[in-house]
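Position one of the sequence shown corresponds to residue 126 (this note's numbering), numbered consecutively onward.
Just so you know, even glycine gets a beta-carbon here, dropped at the ideal spot from N, CA and C.
Since we're looking at a predicted model, the values are computed, not measured.
Have a look at the structure below before the remarks.
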Amino acid sequence: MILAAGRGERMRPLTDIVPKPLQTVYGKPLILWQVERLAAAGFTDLIVNHAWLGQQLEAALGDGSRWGVQVRWSREGTALGTAGGVATALTQLTAPAFLLVSADIYTTYDYAQLRAPLAALINEPQGRTEAYLVLVKDACYPKDFSLQGGRVALAAQDAGTYGNIGVFRRHFFEALVPGHPAELGPLLHAAVARGTLAGEWFDGCWANVGTVADLEQLKSGTDLNGGPPTGDRT
């Protein structure tokens, strides 16, 4: 699932006329970078949620066949937050576990690396792990998580943040009421307390595009972990 329903308040006035996932970086909309990299990793059945200017997203991606994927849409009307959006889309997310990414990040992370953690969640239904997170060390974001023996823990000396990339068991969201707003952060912190999150560090190219300044810095390559990817800069 690709999360694409945010209003993009901090990126106004750009997002008054074009939704944040369609803002262009290196010649392509942010969401298209995600679609192409997911397809390259073999993830071809995609759910995309939207709210603000969602018709533009549907016009841009259609059914996804141009990129070798199938795109289905979860239309929210009013944005429901990260977790609320997932809970509302669960009727279309039929697998026991799935990959979840945000449309407003730019990264060269290889999503194929999540095939093994995803398979483990699917094949071990009684396993302890509820989700597997990709963590990043970005100076611009709160350092709220760390890894201890492969398990996600609350921030320690070696700390970072959730990189908006992860695989989750379906039941992680099943207690939420579809159509009601809910954020992912409280769910993650509760799961950390239960000791049910695993994860990995990613120290390559990653940027969260939340403001106009973020977008301009990304285009210049100045805030990319690991430096700008030569092949993507056009």
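Item: To which residues does DSSP link W177 through a beta bridge?; Value: Partner(s): none; W177 has no beta bridge.
Item: Using a 10 Å radius around the Cβ and a threshold of 16 neighbouring Cβ atoms, would you call H175 buried or exposed?; Value: buried
Item: For a quick check, are the C-beta atoms of R197 and Q217 less than 9 angstroms apart?; Value: yes
Item: Return the chain-ordered list of same chain residues with a C-beta closer than 6 angstroms to the C-beta of L178, the five sequence neighbours on each side being excluded.; Value: P144
Item: Relative to the C-alpha of P221, which residue among V302, A256 and R276 is closest?; Value: A256
Item: Please confirm whether L312 and Y287 have their CB atoms less than 9 angstroms apart.; Value: no
Item: Would you list the residues sitting across from V277 in a DSSP beta bridge?; Value: L272
Item: Three-state secondary structure (DSSP) at Q195?; Value: strand
Item: Please report how far the alpha carbon of Q238 lies from the alpha carbon of I142, in whole angstroms.; Value: 36 angstroms
Item: Rounded C-beta distance between G131 and A204? I'm assuming under 8 angstroms.; Value: 6 angstroms
Item: Note down, in chain order, each residue of its chain lying with its Cβ closer than 8 angstroms to the Cβ of V334, except the 5 sequence neighbours on either side.; Value: M136, K145, Q148, V150, L155, D229, I230, Y231, L340 and L343
Item: Quick check on DSSP: helix, strand or coil for D170?; Value: strand
Item: Drop a sphere of 10 angstroms on the beta-carbon of N289, count the other beta-carbons inside from all chains shown, and report buried for 16 or more, exposed for fewer.; Value: buried
Item: Answer yes or no: do F168 and V194 have a C-beta to C-beta separation smaller than 9 angstroms?; Value: yes
Item: Return the chain-ordered list of same chain residues with a C-beta closer than 7 angstroms to the C-beta of L139, the five sequence neighbours on each side being excluded.; Value: Q148 and V337
Item: I'd like the span of the alpha helix (DSSP H) that includes G209, first residue to last.; Value: G206 to A214
Item: Nearest by alpha-carbon distance to L95: which of R294, S345 and L186 is it?; Value: Residue 95 falls outside the range modelled here, since the chain spans only 126 to 359, and no answer is possible.
Item: Compute the Euclidean distance between the alpha carbons of V292 and L258, then round it to the nearest angstrom.; Value: 7 angstroms
Item: So, V211 versus L301, is the Cβ gap smaller than 9 angstroms?; Value: yes
Item: Could you name the residues of the same chain whose beta carbon sits closer than 8 angstroms to that of L171, not counting the 5 residues immediately before and after it, in chain order?; Value: M126, I127, V160, L163, G189, V194, Q195, V196 and R197
Item: Over what stretch of residues does the alpha helix (DSSP H) that includes E201 continue unbroken?; Value: First-last for E201: undefined, no H or E at that position.
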